[in-house]
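First comes the structure, then the notes that go with it.
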Amino acid sequence: MSSSSLNQPHFQDPDRARVHLERLRWPNGPVCPHCGSVREPLALVGKSYRPGLYKCRDCYDQFTVTVGTVFERSKVPLNVWLQAVHLMCSSKKGISAHQMHRMLGVTYKTAWFMAHRIREAMTEQQAGPMGGEGKVVEADETYWGSESGSKTAAKKSGDRKPGSALKDSNKVVALVERGGKVRTFHVPSVTGQNLKLVIESQIHPATHLMTDSSPRYNLLKREHGFAAYEQVNHSKGEYVRGKAHTNTVEGYFSLFKRGLIGTFHHVAPKHLQRYSEEFAFRYNNRVALGVDDAMRSAIVLKAISGKRLTYRRVSCTPVPVIQ
42 MSSSSLNQPH FQDPDRARVH LERLRWPNGP VCPHCGSVRE PLALVGKSYR
92 PGLYKCRDCY DQFTVTVGTV FERSKVPLNV WLQAVHLMCS SKKGISAHQM
142 HRMLGVTYKT AWFMAHRIRE AMTEQQAGPM GGEGKVVEAD ETYWGSESGS
192 KTAAKKSGDR KPGSALKDSN KVVALVERGG KVRTFHVPSV TGQNLKLVIE
242 SQIHPATHLM TDSSPRYNLL KREHGFAAYE QVNHSKGEYV RGKAHTNTVE
292 GYFSLFKRGL IGTFHHVAPK HLQRYSEEFA FRYNNRVALG VDDAMRSAIV
342 LKAISGKRLT YRRVSCTPVP VIQ
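Below is the structure:
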């Protein structure tokens, strides 16, 4: 991330920021967020009106470019919001709320809430299954933190039992298409049935699937409906066999966990899915796919509509794959 990149006009001036956002959100002119009208609205100009205020000629409601977005009703200047988006989009392993509050000059609480709103905008709508004919998708799971609270406290109290670490951890499943994108899911458990449901619901049947040889995949191995399915046996020191490997998904998890450990340190279970979406967004819009920092930020700013997040709603639970 270049330090000079934040010197651009739309990062320094709220009015320039508004114009920049209007160009991205409304490339063909303003659209009423209340009724969807594309008729040219009435621009309300004068001392009694705030900059960028419009009045719809169909429903007569007033609106600005931030109405119906993650920025709505925020007291933070719009140029500061754009700085925050840029910082989160250009930091490979993420940026903590503490660092954002120092760089942006806002309180920690404000920076924390801003980051969660931006993560909400980063959440991508899944358009159909992954993979397809001739495509390879790798699947794996990883573990993070504790579902029941502080592990340190449990150890001190003597409540933890041998072998309980993985059971008490949060479970995250990732599916990575080689040379393509990733999807991640914070799931309640990684039983064979759960893994089978996640994988089969997200991956096209014509795909070549690859996993490790964990017993959790035994059910999938027996009953899969994919074009091909190969496993590598890590317990026997096998990591690559021809084109069969899970190095891509393991590389993604390595980046994901380095970010959680080195940048965020602690992530509450109820927020883990949103953090997972943040890492997935950057991976899915990486330089290797032709997306630079500015383009990545623009993608987020184009996706802010309909994703307003209140402070009360900044909470999420593991994806309910199966009860």
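Residue numbering for the sequence shown follows the numbering used here, beginning at 42 and increasing consecutively.
For every residue, glycine included, the Cβ atom is placed at its ideal position computed from N, Cα and C.
- In this structure, the straight-line span from the alpha carbon of G175 to that of L250 is close to 11 Å.
- A269: member of the beta strand (DSSP E) spanning A269 to V273, first to last residue.
- For H61, the uninterrupted alpha helix (DSSP H) run begins and ends at P55 to R66, by DSSP.
- In this structure, F104 places its C-beta atom within 8 Å of the C-beta atom of H75.
- About 7 Å separates the beta carbon of V355 from that of F154, a gap short enough to meet the 8 Å contact definition.
- N259 sits in a helix when the DSSP states are folded into three classes.
- Nearest Cα to T110 within the set V72, Q140 and S255: V72.
- The C-alpha of M144 lies about 47 Å from the C-alpha of P246.
- For A344 and G331, the gap between their C-alpha atoms comes out near 19 Å.
- DSSP, reduced to helix, strand and coil, places T304 within a helical segment of the structure shown.
- Secondary structure note for H312: it is in no beta strand (DSSP E), with a DSSP letter that is neither H nor E.
- Excluding its 5 nearest sequence neighbours in each direction, G186 has C-beta neighbours in its own chain below 6 Å: N211, listed in chain order.
- If you ignore the 5 residues before and after Y270, its C-beta comes within less than 7 Å of the C-beta of L250 and K262, all in its own chain and listed in chain order.
- Of F320, H306 and Q314, the smallest CA-CA separation from L296 is found for F320.
- As the crow flies, the alpha-carbon of T183 is around 52 Å from that of D99.
- Between the C-alpha atoms of T164 and T289 there is a straight-line separation of about 22 Å.
- Nearest to G172 by C-alpha distance, out of N235, K133 and K222, is K222.
- Put simply, the segment 126-135 does not touch the segment 85-97. Fewer than three CB pairs are less than 8 Å apart.
- In the assembly as shown, Q166 is an exposed residue. Its beta-carbon has fewer than 16 other beta-carbons within 10 Å.
- With three or more CB-CB distances shorter than 8 Å, the segment 48-57 counts as touching the segment 117-128.
- Sixteen is the threshold: when 16 or more other Cβ atoms of the shown chains lie within 10 Å of the Cβ of I136, as they do, the residue is buried.
- In this structure, DSSP gives I244 an extended state, which the three-state scheme calls strand.
- The secondary-structure analysis by DSSP pairs Y95 across a beta bridge with A84 and F104.
- In this structure, the beta-carbon distance from E161 to V106 does not fall below 8 Å.
- With a cutoff of 8 Å on beta-carbon distance, Y316 and F305 are scored as near each other.
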